[in-house]
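The number in my numbering is simply the position in the sequence shown, starting from 1, with 1 added.
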Amino acid sequence: METNLKNKTTALILSILLGELGIDRFYLGKIGTGILKLITLGGFGVWWIIDIILIATNKATDKDGNPLTQ
């Protein structure tokens, strides 16, 4: 059983630069919420800011619930 760990720095950069398009969610393997975030332009900006905070404070996980690596 191989675990594909995602990098926190990469996720944070993607979230800051392209988070309104849901690219950070796609990177973390969360396709469904990535599409929703894309359609709503980052949840009208609110969801985008929340994701940046979650990633920066180590609260974000990948689709399998694994924490992001440093």
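All C-beta atoms in this analysis are idealised placements derived from N, C-alpha and C, irrespective of residue type, glycine included.
Verify whether the separation of the beta carbon atoms of residue i and residue j is less than 7 Å.
| i | j | result |
| --- | --- | --- |
| LEU39 | GLY23 | yes |
| LYS7 | ASP63 | yes |
| ILE53 | SER16 | yes |
| GLY35 | PHE27 | yes |
Quick one: using the 10 Å Cβ neighbour count with 16 as the cut-off for buried, is residue i buried or exposed?
| i | result |
| --- | --- |
| GLY20 | buried |
| ILE56 | buried |
| ILE46 | For the sequence presented, residue 46 should be read as Gly rather than Ile. Exposed, because fewer than 16 other Cβ atoms sit within 10 Å of the Cβ of GLY46. |
| LEU18 | exposed |
| GLY66 | exposed |
| GLY43 | buried |
Using the DSSP secondary-structure output, state which residues sit across from residue i in a beta bridge.
| i | result |
| --- | --- |
| ASN8 | THR70 |
Contained alpha helix (DSSP H) runs [length at least 4] in the segment 21 to 65, N- to C-terminal order: 24 to 28, 32 to 40, 42 to 45 and 47 to 57
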